[in-house]
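Asker: Heads up: take any position in the sequence shown, counting from 1, add 23, and you land on the numbering used here.
Idealized CB from N, CA, C, for every residue including glycine.
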Amino acid sequence: ETKPRTPVVWLHGLECTCCTESFIRSAHPLTKDVILSMLSLDYDDTLMAAAGHQAEAILEEVKRKYKGQYILAVEGNPPLNEDGMYCFQGGRPFVEKLKDMAADCKAIIAWGSCASWGCVQAAKPNPTRATPVHKVITDKPVIKVPGCPPIPEVMTAVVTYMLSFDRLPTLDRMGRPAMFYGQRIHDKCYRRPHFDAGQFAESWDDEGARKGYCLYKMGCKGPTTYNACSTVRWNEGVSFPIQSGHGCIGCSEDGFWDKGSFYSRV
Ligand code: SF4
Ligand code: SF4
Ligand code: F3S
Numbered sequence: 024e025t026k027p028r029t030p031v032v033w034l035h036g037l038e039c040t041c042c043t044e045s046f047i048r049s050a051h052p053l054t055k056d057v058i059l060s061m062l063s064l065d066y067d068d069t070l071m072a073a074a075g076h077q078a079e080a081i082l083e084e085v086k087r088k089y090k091g092q093y094i095l096a097v098e099g100n101p102p103l104n105e106d107g108m109y110c111f112q113g114g115r116p117f118v119e120k121l122k123d124m125a126a127d128c129k130a131i132i133a134w135g136s137c138a139s140w141g142c143v144q145a146a147k148p149n150p151t152r153a154t155p156v157h158k159v160i161t162d163k164p165v166i167k168v169p170g171c172p173p174i175p176e177v178m179t180a181v182v183t184y185m186l187s188f189d190r191l192p193t194l195d196r197m198g199r200p201a202m203f204y205g206q207r208i209h210d211k212c213y214r215r216p217h218f219d220a221g222q223f224a225e226s227w228d229d230e231g232a233r234k235g236y237c238l239y240k241m242g243c244k245g246p247t248t249y250n251a252c253s254t255v256r257w258n259e260g261v262s263f264p265i266q267s268g269h270g271c272i273g274c275s276e277d278g279f280w281d282k283g284s285f286y287s288r289v
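1) Shorter than 6 Å, the distance from the beta carbon of P172 to the closest heavy atom of ligand 1, or not?
2) Buried or exposed: which applies to D281, given that a residue is buried once 16 or more other Cβ atoms fall within 10 Å of its Cβ?
3) Would DSSP call H35 helix, strand or coil?
4) Use the C-beta contact count for M108: other C-beta atoms within 10 angstroms, 16 or more gives buried, fewer gives exposed.
5) Considering only heavy atoms of ligand 2, does any lie closer than 6 Å to the CB of Y7?
6) Since M178 contacts F46 with CB under 8 Å, what's their CB separation in whole angstroms?
7) Can you give me the start and stop residues for the alpha helix (DSSP H) that I81 sits inside?
8) Just to confirm, is the Cβ distance from E98 to H157 under 7 Å?
9) What residue range does the beta strand (DSSP E) around L186 cover?
10) Mark A96 as exposed unless 16 or more other C-beta atoms lie within 10 angstroms of its C-beta, in which case mark it buried.
11) Could you please give the first and the last residue of the uninterrupted alpha helix (DSSP H) stretch that includes K122?
12) For the stretch 194-201 and the stretch 212-228, state whether three or more C-beta atom pairs, one from each stretch, are separated by less than 8 Å.
13) Using a Cβ-based criterion (distance less than 6 Å to any ligand heavy atom), does C41 qualify as near ligand 1?
14) For the structure I just gave you, are there three or more beta carbon pairs, one from the stretch 103-120 and one from the stretch 52-66, closer than 8 Å?
15) Within this structure, are the beta carbons of Y286 and G242 separated by less than 7 Å?
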C-alpha cells in the first residue's frame, strides 16, 4: 500500500483490441483495482482520455521520469514491410515507437498471440511482415502471455505477480509464465475421461456430441495447446470453448492460424 505505483505504458500495434476487451473483464482481481490501485497506467491508446500531441507527450514524460522503471505492455505487433508503413501512429511507424519505448523500459509484456507469435495478420503470405515483439526487441526480457485473447484473470495475475514480488514470473522455454502455460488444455479437460474411454463425437449433432463426448475427432487442439482454459476458464470461471461444445483451436499456440483446419486433425 505504501509502494509507489509502477508506471505502465500499453502500446497497440497491428491487432484487434480484444486483448484489452479481455483485460477489462478480470474479476479476480478486478481490473479497476489493478488500474486504479496497483499500477499507474500512464499511457494506453484505447483506455486513456488524452489524444493526439497530448498523448504523445506522455510517452516522453514517462521515459524521462521513469527510465528503467516502467513496464511496457504491448498488444499487437509491428509490421516491418515498407519500412513499417502498415501501422503508423503519431507521425511515425509503430515499429519506431516500440523500439523507442522499449529502450528505457524495465521489461516487456507481450499480450496475446499477436504480440507473442504474430497471429492472423502474420498468416501466409504475411504481406505486411507482421512480426512478434521478441523478434524486434532482443535486449529486454519479454514475457509472452499468448491467447487470442489471453484469459482476463491470467493477464491481471501476471501483472499482480510482477508488482507484488517485484520480479518476473518463472517462464517456460517459450517465454510464457509457467504457472499458466505449464499444462495442456487436454491435461485438465473435463471431457478427458471420454477421450481415455475412446468415446468421441463424430459430428456436431450426433449422439456423442449430445452426451458431451471428447471433441478430438472434430479437430480439438487441446492435446497440443498450452493454456489455462480448462482450469481457470472464462467469464469468471463459468466456461471455456470445449465446455460450450466447440473444440479448442489452439489460439495460444504459435502458428495456430496457419496449421490447417480448425475442424480436422491435420
Ligand atoms: Fe485480438 Fe487475438 Fe491479437 Fe489479442 S491476440 S489483439 S484478441 S487478434
Ligand atoms: Fe482433449 Fe479436446 Fe477431448 Fe478435451 S475435448 S479431452 S482437450 S481432445
Ligand atoms: Fe483458445 Fe483453446 Fe482456450 S481455443 S481460448 S486455448 S480452449
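Answerer: Put simply:
1) Here residue 172 corresponds to residue number 149 of the sequence shown, with the count starting at 1. Checking every heavy atom of ligand 1 against the Cβ of P172, one is found closer than 6 Å.
2) For this step, residue 281 is matched to residue 258 along the sequence shown. With fewer than 16 Cβ atoms within 10 Å of its Cβ, D281 is classed as exposed.
3) Locating residue 35 in the sequence shown gives position 12, counting from the first residue. In the three-state scheme derived from DSSP, where H, G and I count as helix and E and B as strand, H35 is classed as strand.
4) On the sequence shown, position 85 is the one that residue 108 refers to. With fewer than 16 Cβ atoms within 10 Å of its Cβ, M108 is classed as exposed.
5) With the chain represented from 24 up to 289, any question about residue 7 goes unanswered, as that position is not in the structure.
6) On the sequence shown, residue 178 is found 155 positions in, with the first residue counted as 1. On the sequence shown, residue 46 is found 23 positions in, with the first residue counted as 1. Confirmed, about 5 Å.
7) If you number the sequence shown from 1, residue 81 lands on position 58. Run containing I81: G75 to K88, per the alpha helix (DSSP H) assignment.
8) The residue given as residue 98 occupies position 75 in the sequence shown. The residue given as residue 157 occupies position 134 in the sequence shown. The Cβ atoms of E98 and H157 lie no closer than 7 Å to each other.
9) Within the sequence shown, residue 186 is the residue found at index 163, counting from 1. Where L186 is concerned, there is no enclosing beta strand (DSSP E), although the alpha helix (DSSP H) it sits in stretches over P175 to F188.
10) Within the sequence shown, numbered from 1, the residue matching residue 96 stands at position 73. The residue is buried, with at least 16 neighbouring Cβ atoms inside 10 Å.
11) The residue you call residue 122 lines up with position 99 of the sequence shown. That run of the alpha helix (DSSP H) goes F117 to A126.
12) The stretch 194-201 vs the stretch 212-228: no contact.
13) Residue numbering aside, residue 41 sits at position 18 when the sequence shown is read from its first letter. C41 Cβ: within cutoff of ligand 1.
14) In short, these stretches do not touch, since the Cβ pair count stays below three.
15) Against the sequence shown, residue 286 aligns to sequence position 263. Against the sequence shown, residue 242 aligns to sequence position 219. Yes, the Cβ-Cβ distance between Y286 and G242 is below 7 Å.
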